[in-house]
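Q: In our numbering, the protein residues as written are 21 to 528.
We put the beta carbon where it would ideally sit given N, CA and C, even for glycine.
1) Starting from residue 451, follow its DSSP beta bridges and name the residues at the other end.
2) In the structure shown, what three-state DSSP assignment does residue 43 receive?
3) Per DSSP, which residues does residue 499 bridge with? Please list them.
4) Between which two residues does the beta strand (DSSP E) containing residue 327 stretch?
5) Counting only the same chain and skipping the five closest in sequence on each side, list residues whose C-beta sits under 8 Å from that of residue 252.
6) Helix, strand or coil: how does DSSP classify residue 319 here?
7) Leaving out the 5 sequence neighbours to the left and right, which residues in its chain are closer than 6 Å to residue 50 when beta-carbon positions are compared?
8) Grab the span of the beta strand (DSSP E) containing residue 479 for me, first residue to last.
9) Which residues share a DSSP beta bridge with residue 288?
10) Just confirm the distance between the C-beta atoms of residue 225 and residue 219, as a whole number of angstroms; I'd bet it's less than 8 Å.
11) Note the first and the last residue of the continuous beta strand (DSSP E) segment covering residue 154.
12) Would DSSP call residue 148 helix, strand or coil?
13) For residue 211, count the other beta carbons within 10 Å of its own beta carbon; 16 or more makes it buried, fewer makes it exposed. Which is it?
14) If you follow the alpha helix (DSSP H) that residue 216 is part of, which residue opens it and which one closes it?
15) Report yes if the CB atom of residue 228 is closer than 9 Å to the CB atom of residue 206, and no otherwise.
16) If we ignore side chains and look at the alpha-carbon of each, how far apart do residue 311 and residue 231 end up?
17) Just verifying my parser: in three-state terms, what is the DSSP assignment at residue 267?
18) Confirm, please, whether the CB-CB distance from residue 39 to residue 516 is below 9 Å.
19) Use the C-beta contact count for residue 113: other C-beta atoms within 10 angstroms, 16 or more gives buried, fewer gives exposed.
20) Out of 29, 68, 46 and 45, state which residue places its alpha-carbon closest to the alpha-carbon of residue 343.
21) Compare the beta carbon distance of residue 497 and residue 299 with 9 Å and say whether it is the shorter of the two.
22) Kindly identify the DSSP beta-bridge partner or partners of residue 387.
23) Check residue 72 in the structure and name its three-state DSSP category.
24) Enumerated in chain order, which unbroken segments of the alpha helix (DSSP H) with a length of 4 residues or greater are wholly contained in the segment 70-135?
25) Would you kindly check if the distance between the Cβ of residue 52 and the Cβ of residue 296 is under 9 Å?
26) Which residues bound the beta strand (DSSP E) around residue 52?
27) CA-CA distance, residue 37 and residue 84?
28) Ordered along the chain, which non-local residues of its own chain (more than five positions away) have a Cβ less than 6 Å from that of residue 495?
29) Throw me the rounded Cβ distance for the residue 198 and residue 365 pair, which I believe falls under 8 Å.
30) Measure the Cβ-Cβ separation of residue 368 and residue 215 and say whether it is below 9 Å.
31) Compare the C-alpha of residue 482 against each of 330, 460 and 402 and name the closest.
32) Does the segment 112-126 come close enough to the segment 348-359 to have 3 or more Cβ pairs within less than 8 Å?
33) Residue 156 and residue 489 - do their beta-carbons sit closer together than 9 Å?
34) Take the Cβ of residue 14 as the centre, count every other Cβ of all protein chains shown within 10 Å, and call the residue buried at 16 or more, exposed below.
35) Going by beta carbon distance, what residues of the same chain come within less than 7 Å of residue 103, once the five residues before and after it are set aside?
36) On the CB-based measure, 16 or more other CB atoms within 10 Å of its CB, does residue 153 come out buried or exposed?
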């Protein structure tokens with residue numbers, strides 16, 4: 021018996037986005053989520069009594085505008101505590117830089133002009149590439165008429181750039197961000213900030229080949245934004261939108277396996293033993309978990325199994341939450357900006373070098389947000405919350421995380437103290453999430469926030485593998501639409517929205 025038209029596995033932002041898109045088309049949709057609430061990593065939680073923080077990411081940089089508009093998330097409660105946030109490159113001597121797009125305060129005239137030119141150039145390239153995020157990866161052969169139209173528009177945009185600029189774009193896609201910055205900029209503070217932005221959430225250093233493409237990926241997103249109520253408010257708005265569309269959502273409902281009849285997926289078996297039937301199953305969880313776990317290798321050819329098994333999913337980011345008594349100062353920096361500790365390209369690269377060998381650097385690089393500067397009620401009166409995302413820490417620490425965890429916490433606090441002396445005396449409580457913690461809590465294999473590393477060889481028609489890149493899998497009825505698919509993860513919804521649109525074309 022058919023339970024619905026579509027079953028969506030995973031109630032993270034991508035799963036909810038896909039469910040909303042499909043429900044808008046009149047389909048009956050069920051979303052099943054293993055956790056006790058919808059949202060996945062997009063959550064706001066109390067990490068210490070009276071102190072609230074976003075679970076993982078604390079800034080919106082990639083929220084899909086189609087999802088936001090079509091599901092009318094504003095009507096369902098999504099609003100913003102801050103938008104177009106500036107970034108402050110902290111300096112231990114108090115001579116901070118404040119960066120807002122192509123504009124920089126605190127920099128000499130020559131570097132200001134050079135950065136304005138470079139930033140505007142990179143932004144133009146990112147604008148040209150942005151449409152790729154909103155369509156399935158292009159087929160290398162046998163493209164449909166609709167795909168050809170979209171590719172033609174993209175090609176026209178690139179052609180309008182002119183031959184020299186197009187050649188420069190192709191060159192930039194293949195080189196590292198450090199070389200570009202060293203060629204154009206002298207100021208270490210600015211170069212460190214941009215280098216950090218290029219590698220945040222990745223397993224690359226600024227001198228790694230192809231690292232500049234990740235900067236273009238970031239620039240093709242949205243301005244830095246903090247949702248009112250933290251990241252959990254994004255999920256809550258999506259849930260309200262889905263309720264209005266009469267989508268059935270089940271929490272605490274893990275999937276045991278996919279039901280396969282012949283060569284076709286026809287539903288899911290839940291952990292409880294209940295079977296749900298649908299002609300379409302869209303998985304918004306990790307592609308390896310989906311294909312090698314829930315489906316099983318016996319339903320796939322050897323090459324597909326090998327490719328999925330070898331998707332790189334190394335986490336290298338950690339999350340540190342601090343409950344503070346009193347307000348920090350950070351040497352006079354604007355606390356209503358995003359604070360970045362990455363004093364130079366070499367500082368970022370050195371931190372990455374340690375991670376390559378199963379260690380963490382005693383001098384980590386990080387971004388810092390003070391959520392209580394925007395919403396005082398996330399902490400008790402007179403107290404504050406500090407939310408920190410730091411690079412780099414390996415999934416598998418050479419000495420083991422049992423002994424390594426307190427050492428990493430010490431390194432992070434020591435690094436913070438260089439820019440906020442005495443901060444340790446303000447700490448009421450701390451919470452450190454390492455890559456293994458992130459994997460256990462959120463189901464992100466390896467602790468990788470994107471369900472697979474973002475790198476040039478794991479993007480577009482190679483994400484998550486050539487035979488699954490366009491959301492359909494080799495097994496009829498099964499589709500992928502999580503962060504492991506194009507265009508990647510984060511609090512976005514783009515992969516889920518794209519996958520749902522593809523399903524709607526395939527099942528008219």
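A: With the given structure in hand:
1) 341
2) helix
3) 302 and 492
4) Residue 327 -> not in any beta strand (DSSP E); alpha helix (DSSP H) instead, spanning 322-329.
5) 59, 62, 63, 64, 65, 74 and 75
6) helix
7) 24, 27 and 268
8) Residue 479 -> no beta strand (DSSP E), and no H or E assigned at all.
9) 278 and 296
10) 6 Å
11) Where residue 154 is concerned, there is no enclosing beta strand (DSSP E), given that its DSSP letter is neither H nor E.
12) helix
13) buried
14) 208-219
15) no
16) 29 Å
17) coil
18) yes
19) exposed
20) 68
21) yes
22) 360 and 409
23) strand
24) 85-90
25) yes
26) 49-52
27) 9 Å
28) 285 and 319
29) 5 Å
30) yes
31) 330
32) yes
33) yes
34) A question about residue 14 goes unanswered here, because the residues of the chain that appear run from 21 up to 528.
35) 243 and 245
36) buried
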